[in-house]
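Input: a single structure, listed below in C-alpha cells.
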Amino acid sequence: MADITVTSAPKDNGWTFGVQIAESNGQTRHSVTLTRGAFDRLTEGKVTTPEALVRRSFEFLLEREPKHLILRQFALPDISLRFPDYPQAIRTRL
C-alpha cells in the first residue's frame, strides 16, 4: 500500500500541492494545481479540505496505474482527460 503525503500552499485562485508517493520499491514526487472553481465542481460540497480531495485523487490514480506513470506536474481536473470517469468516481470517494 502506498503512503501518500500531501502538502499545500495557497495561491491567488486556489492551491499548489506537493504530493509524495512512497512504496517499498521507491518514491515519486508530483506537483498539482487546483483552482477554487475546480475544487467546488469536483467536490460539490462533499469534502472539507482540498488536501483530502488531492489524496483521494491519488488513491484513484494508483488504482489505475503505477506511481511512476502518474504525471509529475498537472492540474487536478486534467485527470479526467485520461480517465473520463474521474469526476463521478471521485465524488463517491468523498
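Following my numbering, the residues of the sequence shown are numbered contiguously, the last one being 162.
Ideal Cβ positions, reconstructed from N, Cα and C, are used throughout, including at glycine.
Reduced DSSP secondary structure (H/G/I, E/B, other) of residue i
i      : result
Ile89  : strand
Lys135 : helix
Arg97  : strand
Expected contact under 8 Å - CB spacing of residue i and residue j to nearest Å
i      : j      : result
Thr75  : Ser99  : No, Thr75 and Ser99 are not in contact; Cβ-Cβ is about 10 Å, not under 8 Å.
Thr103 : Gly86  : Not really, about 17 Å apart at Cβ, beyond 8 Å.
Leu144 : Val122 : 7 Å
Residue i classed as buried or exposed, judged by whether at least 16 other C-beta atoms fall within 10 angstroms
i      : result
Leu139 : exposed
Pro134 : exposed
Pro152 : exposed
Pro118 : buried
Leu110 : buried
Arg124 : buried
Inter-residue spacing [alpha-carbon to alpha-carbon] between residue i and residue j
i      : j      : result
Ala106 : Asn93  : 33 Å
Glu127 : Asp146 : 15 Å
Gln156 : Gln88  : 25 Å
Ala70  : Gln141 : 19 Å
Chain D within 8 Å of residue i, Cβ atoms only
i      : result
Phe107 : No chain D appears in this structure, which consists of one protein chain only.
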